[in-house]
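Novice: The structure that follows is given in the form of structure tokens.
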Amino acid sequence: MVIQFNNSDEEREYHTCQSRREGDWIVFTCSQCNEYEQRINFKTQERISRPVDDPTIFHQGSFVPVGLESEQMHPN
Ligand SMILES: [Zn+2]
Numbered sequence: 001m002v003i004q005f006n007n008s009d010e011e012r013e014y015h016t017c018q019s020r021r022e023g024d025w026i027v028f029t030c031s032q033c034n035e036y037e038q039r040i041n042f043k044t045q046e047r048i049s050r051p052v053d054d055p056t057i058f059h060q061g062s063f064v065p066v067g068l069e070s071e072q073m074h075p076n
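Heads up, the sequence shown is in my numbering, so the first residue is 1 and it goes up one at a time.
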């Protein structure tokens, strides 16, 4: 799963986020922006974002939910 938080623009600065899982939430943080945080609930798709002050910086991250695919599989 690749999540793009903003539209791509080659002239702008890109930061790659680190991701971690907290319960139903995937939390993205940026090592270069201490104030940045983006949370996505993978059950409700709810998003909570705490953007940085500089709007020219784009953030993107990817997260592979361990065990999530198997939970959604229903054999038979
Ligand atoms: Zn950043």
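Even glycine gets a Cβ: it sits at the ideal position worked out from N, Cα and C. All values reported here derive from a predicted model rather than from experimental measurement.
Is GLN38 near ligand 1, with its Cβ less than 7 Å from a heavy atom?
Specialist: False, no ligand heavy atom lies under 7 Å from that Cβ.
Novice: Among PHE42, PRO55 and ASP53, which one has its Cα closest to the Cα of ASP24?
Specialist: Taking only the C-alpha atoms, the option nearest ASP24 is PHE42.
Novice: What is the rounded straight-line gap between the Cα of ARG50 and the Cα of GLU37?
Specialist: Roughly 5 Å between the two C-alpha positions.
Novice: Run through the DSSP bridge pairs and tell me what SER49 is partnered with.
Specialist: Paired residues: GLN38.
Novice: According to DSSP, THR44 sits in a beta bridge with which residue or residues?
Specialist: Per DSSP, none; premise fails for THR44.
Novice: Check the DSSP bridge columns for GLN32 and list the partner residues they point to.
Specialist: Bridge partners of GLN32: none, in fact.
Novice: Under 7 Å from any heavy atom of ligand 1, does the C-beta of GLN32 make it?
Specialist: Checking the Cβ of GLN32 against ligand 1 gives yes.
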